[in-house]
Amino acid sequence: MAGADYTDEDMGEAQPQRQSNRKTKGRGFQDREAMDVDDDRAGPYDTQSSGTKGGPIKSVESWVIFVSGVQEEAQEEDVVDIFGEFGELRNVHLNLDRRTGYVKGYAIIEYGEKEEAQAAIDNLDGRQMLEKPLAVDWAFSSGPPKGPRGERYSNSQMLQVFM
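Using this note's numbering, read the sequence shown as starting at 57 and increasing by one per residue.
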């Protein structure tokens, strides 16, 4: 059967019809009828409550706190020793300046439990580490950001600060 011609129906496969020879890439080039508008492939999204009460928000796996005022000559061991007193540390990020090799002045610390992270914030905010005061707060929180003395900004104060 060397010279036999088969059609798509004979093979049992339906081939899609192309409308033009122009190649397109991306998701925006499908026909509107072919796209499923209610497609929830990504799953449900987490939402924040619209209340005005501020508070910490959990990241995907842990409770994250942000520490500023870290002395440039601090080592990861120094940070782990101080923050490890309040619970098990899941992760510690101590970013270094590429040019100098010193710490950039902040750390991001992850705890498994909210109570552990809250205890670290309560006990270490304002504490000295290598003769420099630390500022410790939640990395993710709902509500307005804190001001330099720890109080939350109101909307009018934020406008004054950022304008």
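Glycine included, every Cβ here is placed at the ideal spot set by N, Cα and C.
As the structure is a prediction and not an experimental result, all values here were calculated from the model.
Length of the line joining the Cα atoms of residue i and residue j
i    : j    : result
T108 : G199 : Legend: pLDDT at T108 = 47, less than 50; position of this residue unreliable, value from coordinates given subsequently. If I take the Cα positions, the gap works out to 6 Å.
V116 : N77  : 44 Å
G125 : K79  : 53 Å
L150 : K160 : 8 Å
F139 : P189 : 14 Å
D137 : K81  : 51 Å
D220 : V123 : This structure leaves residue 220 out entirely; the chain is present only between 57 and 219.
R154 : E133 : 20 Å
E144 : P112 : 19 Å
S106 : I177 : Note that S106 has pLDDT 47, beneath the 50 cutoff, so the model's placement of it is unreliable and the number below is only indicative. S106 and I177: Cα-Cα distance of roughly 25 Å.
Sequence-distant residues of its chain with Cβ nearer than 8 Å to residue i (five each side left out)
i    : result
R146 : E117, S118, E166, Y167 and G168
A191 : V123, S124, G125, D181 and G182
A175 : F142 and G143
Q184 : L190
Member of the options whose CA lies at the smallest distance from the CA of residue i
i    : options                   : result
E55  : V136, E141, Q127 and K81  : Lying before the first or after the last residue shown, residue 55 is absent from the chain, which here runs from 57 to 219.
A173 : K114, K81 and G82         : K114
G157 : E128, D137, A176 and D134 : E128
L186 : V192, V135 and V120       : V135
F196 : K81, V120 and G82         : V120
Heavy atom of the ligand SAH within 6 Å of residue i beta-carbon
i    : result
E132 : Absent from the structure shown: the ligand SAH. Ligands present: none.
Test: residue i CB closer than 7 Å to a CB of chain D
i    : result
V136 : This model lacks chain D altogether, as it is built from one protein chain only.
Assumed close pair residue i, residue j - CB separation to whole angstroms, cut-off 8 Å
i    : j    : result
V148 : A163 : 7 Å
Chain-order list of residues whose beta-carbon lies under 6 Å from that of residue i (same chain, five-residue window excluded)
i    : result
N179 : none
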